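Colleague: Have a look at the structure that comes next, please.
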Amino acid sequence: MQHYLLIYDRREGRIVRRRQFDDADVALAARFAAEREFDAATDIEIVVLGAASLAALKQTHARYFKRVQELAGQALEREAELA
Amino acid sequence: MALPVSMGELNRLGDRLAESESPSEADHALLASALAAYQEILELVKSDLQTLGFAPTGRAKTTKTMVDKLRRTHGMQLSRVQDLAGARITVRDFQAQDECKDKISQFYSGQGCDCKTIDRRIDPRFGYRAVHLVVRINGILVEVQIRTELQDSWAQIFERLADRWGRGIRYGEDPENPEARVRSGSFSYSRRESVQLLMRLSDSIYNLEDTRKSLEDVRRQVKVLDLKTAEARDKFSSDLMTIPFPIKHDAVWADFVGILNELPQYMNAECRELLANDKRTLGGFVQMTEFISAFMQRKVDQLASQLASSDEQVRATLTLVANAADEGV
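Below, the structure written as structure tokens:
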């Protein structure tokens, strides 16, 4: 299991910084350090996500990686497969 | 790993975080140690879920969203926040969602852990639909979100919009700048209307997935019934109509008559005649099961038509969203 620290600008809809860790505790410590660093930035979200791979993460937490239009397009593809 | 602080201390920490704009160094350290415990239990849960054959991802709640939640839900105790640690699984459809929920629930119940199911499919929260399990391990709550692929797509779209238009829309509030226009092809919607459109999309997705499941259930039932009917016909051969239906099984006959009577809209003359004559033979019984099978096939056709309509509705709305052009959301 890998741990991904994402520093995400909600308004801009983009990942400002991404780091990958093998160890959950180290990732959590990096999250707290980043929270201090971006303390005054109200639109910044700092999160550590654990996943088997970045590809798995992009599936379950797609909003960090895709725009609304792309997410809707992906949903259309999913529905086409199910139909 | 157990919590490094008592529940009381954790709750008091939550109160201070909710009240203060800039928590003290000591509170930062306390929160870090508490979240480390949550993270450790979350890792165990993810490992269990992998062992059960799922591909979970997970996260400890961010400090900002945790503080927002404590402020929004005045008086909520930090220890009672169910999603401080959360794992997520996406599955294909309702059937897989139910199977996944049952498998995980049975696993943790078997381990002696409390495991509560929250079914947000029929009781959505501001459009959000999923099945959640809240598992308590060593006093620590972990939320397992089980979403179908379409529920997940909806949630991701809505969250992304909330990032851009203000997270209040996730709790039923208006978007920021609610009259700002969103264009999609030749259509134009306000942000408020777009949020309403997404609420309707959530309902359409529910109808689509529910109809799909009903259709699969009925198809399965029809298949079993057809098989059983064929077996019965083979057993009783050509003299079925002369063999009396055993009196001792009158209740079985009555059950099937009851099923037919509940389907008057499908009855034809032949079926009505069978019921009116009440000649109880094994042949008559087989005929009844054939009628029921034919009625169920009509139900299948109806559901298939309903499914096609729901599918069209969902696709139309998703296409609108996919073509939307609003400042790069």
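Order-wise, the sequence lines are chains Y and F. Numbering of the first sequence is given in the numbering used here, commencing with residue 19 and proceeding in unit increments. Numbering of the second sequence is given in the numbering used here, commencing with residue 994 and proceeding in unit increments. Ideal Cβ positions, reconstructed from N, Cα and C, are used throughout, including at glycine. Every value quoted in this text rests on a predicted model; they were computed, and no experiment measured them.
Under 8 Å between beta-carbons, which chain F residues line up against Gln92/Y? List them in chain order, please.
Modeller: Correct list: Ser1146.
Colleague: Quick one: what does DSSP say Arg54/Y is sitting in, helix, strand or coil?
Modeller: DSSP places Arg54/Y in helix when its eight states are reduced to three.
Colleague: Can you tell which of Ser1026/F, Phe1100/F, Leu1208/F, Ala1089/F has its C-alpha closest to the C-alpha of Gln1290/F?
Modeller: Cα-wise, what sits closest to Gln1290/F is Leu1208/F.
Colleague: Please report how far the alpha carbon of Asn1270/F lies from the alpha carbon of Glu1263/F, in whole angstroms.
Modeller: Answer to the nearest angstrom: the Cα atoms are 11 Å apart.
Colleague: Output, in chain order, the set of chain F residues within a Cβ distance shorter than 9 Å of Glu63/Y.
Modeller: Under the 9 Å cutoff, chain F gives Thr1055, Lys1057, Thr1058, Asp1156.
Colleague: Taking the alpha-carbon of Arg1265/F as reference, which of Val1250/F, Gly1276/F, Lys1062/F, Val1279/F has the nearest alpha-carbon?
Modeller: Checked all of Val1250/F, Gly1276/F, Lys1062/F, Val1279/F; the closest Cα to Arg1265/F is Val1250/F.
Colleague: Could you round the C-beta distance between Ala1078/F and Val1135/F to whole angstroms and report it? I think they count as a contact, below 8 Å.
Modeller: Right, the Cβ-Cβ distance comes to about 5 Å (below 8 Å), so this counts as a contact.
Colleague: Establish whether the CB of Asn1261/F and some CB of chain Y are separated by less than 9 Å.
Modeller: No, because no Cβ of chain Y sits closer than 9 Å to the Cβ of Asn1261/F.
Colleague: Quick one: does Ser1017/F have its CB under 9 Å from some CB of chain Y?
Modeller: By this cut-off, Ser1017/F is not an interface position.
Colleague: Please classify Arg81/Y as buried or exposed, where buried requires at least 16 neighbouring CB atoms within 10 angstroms.
Modeller: Buried, because 16 or more other Cβ atoms sit within 10 Å of the Cβ of Arg81/Y.
Colleague: Is the beta carbon of Arg29/Y less than 9 Å from the beta carbon of Arg1184/F?
Modeller: Cβ atoms of Arg29/Y and Arg1184/F: not closer than 9 Å.
Colleague: Unbroken alpha helix (DSSP H) runs of length 4 or more, entirely within the segment 1220 to 1275 of chain F: which are they?
Modeller: Those alpha helix (DSSP H) runs which fall completely within the segment 1220 to 1275 of chain F and span 4+ residues are 1243 to 1254, 1262 to 1270.
Colleague: Are the beta-carbon atoms of Ser1072/F and Leu1003/F separated by less than 9 Å?
Modeller: Closer than 9 Å, so yes.
Colleague: In the segment 997 to 1048 of chain F, which residue ranges form an unbroken beta strand (DSSP E) of at least 3 residues, counting only runs that do not cross its ends?
Modeller: Counting only runs of 3 or more, we get nothing.
Colleague: Identify the continuous alpha helix (DSSP H) that holds Asp1076/F and give its terminal residues.
Modeller: Asp1076/F -> no alpha helix (DSSP H), and no H or E assigned at all.
Colleague: Quick check on the burial criterion: 16 or more other C-beta atoms within 10 angstroms. Buried or exposed for Thr1235/F?
Modeller: So Thr1235/F ends up on the exposed side.
Colleague: In chain Y, what lies closer than 7 Å to Asp1326/F by C-beta?
Modeller: Because chain F spans 994 through 1322 in this model, residue 1326/F falls outside it and cannot be assessed.
Colleague: How many angstroms separate the CA atom of Leu23/Y from the CA atom of Cys1108/F?
Modeller: Cα-Cα distance, rounded: 29 Å.
Colleague: State the DSSP-derived secondary structure class of Arg96/Y, mapped to helix, strand or coil.
Modeller: Helix, per DSSP.
Colleague: Please tell me whether Gly1051/F has its Cβ less than 9 Å away from any Cβ of chain Y.
Modeller: Cβ-Cβ to chain Y under 9 Å: yes for Gly1051/F.
Colleague: Of all the CB atoms in chain Y, is at least one closer than 9 Å to the CB of Asn1316/F?
Modeller: With 9 Å as the cut-off, Asn1316/F counts as an interface residue toward chain Y.
Colleague: How many angstroms separate the CA atom of Gln94/Y from the CA atom of Arg85/Y?
Modeller: Checking the sequence shown, residue 94/Y turns out to be Leu, not Gln. Rounded to the nearest angstrom, the two C-alpha atoms are 14 Å apart.
Colleague: Sort Lys1057/F, Val1084/F, Glu1036/F by Cα distance to Ala52/Y and report the nearest one.
Modeller: Answer by Cα proximity: Lys1057/F.
Colleague: Taking three-plus beta-carbon pairs below 8 Å as touching, is the segment 50 to 64 of chain Y in contact with the segment 1105 to 1119 of chain F?
Modeller: The segment 50 to 64 of chain Y vs the segment 1105 to 1119 of chain F: no contact.
Colleague: Is the separation between the beta-carbon of Gln38/Y and that of Asn1316/F shorter than 9 Å?
Modeller: In this structure, Asn1316/F does not lie closer than 9 Å to Gln38/Y by Cβ.
Colleague: Closer than 7 Å by C-beta to Glu1283/F: which residues in its own chain qualify, once you throw out the five before and the five after it? Chain order, please.
Modeller: Excluding sequence neighbours, Glu1283/F sits near Thr1222.
Colleague: Give the range of the beta strand (DSSP E) segment to which Thr1141/F is assigned.
Modeller: Run containing Thr1141/F: 1133 to 1141, per the beta strand (DSSP E) assignment.
Colleague: Using beta-carbon positions only, say whether Ala995/F and Val1038/F come within less than 9 Å of one another.
Modeller: Cβ distance not < 9 Å, so Ala995/F and Val1038/F don't count as in contact.
Colleague: If we ignore side chains and look at the alpha-carbon of each, how far apart do Phe1087/F and Ala1297/F end up?
Modeller: Rounded to the nearest angstrom, the two C-alpha atoms are 17 Å apart.
Colleague: Helix, strand or coil for Leu1154/F? Go by DSSP, reduced to three states.
Modeller: Reduced to three states, the DSSP call for Leu1154/F is helix.
Colleague: Return the chain-ordered list of same chain residues with a C-beta closer than 8 Å to the C-beta of Pro1016/F, the five sequence neighbours on each side being excluded.
Modeller: Contacts found: Arg1009, Leu1010, Leu1024.
Colleague: Just confirm the distance between the C-beta atoms of Ala1053/F and Ile1133/F, as a whole number of angstroms; I'd bet it's less than 8 Å.
Modeller: That pair is no contact at about 11 Å.
Colleague: Given a cut-off of 9 Å, decide if Val1124/F and Gln1099/F are closer than it, judged by their beta-carbon atoms.
Modeller: No, the Cβ-Cβ distance between Gln1099/F and Val1124/F is not below 9 Å.
Colleague: When the distance is taken between beta carbons, is Ile1139/F closer than 9 Å to Val1084/F?
Modeller: The answer is yes: Cβ separation under 9 Å.
Colleague: So, does the CB of Ala995/F fall closer than 9 Å to a CB anywhere in chain Y?
Modeller: So, not an interface residue.
Colleague: Apart from the five residues just before and just after Leu1154/F, which ones in its own chain have a Cβ nearer than 8 Å to its Cβ?
Modeller: Taken in chain order, the residues that qualify are Ile1162, Pro1168, Ser1187, Val1188, Leu1191, Val1322.
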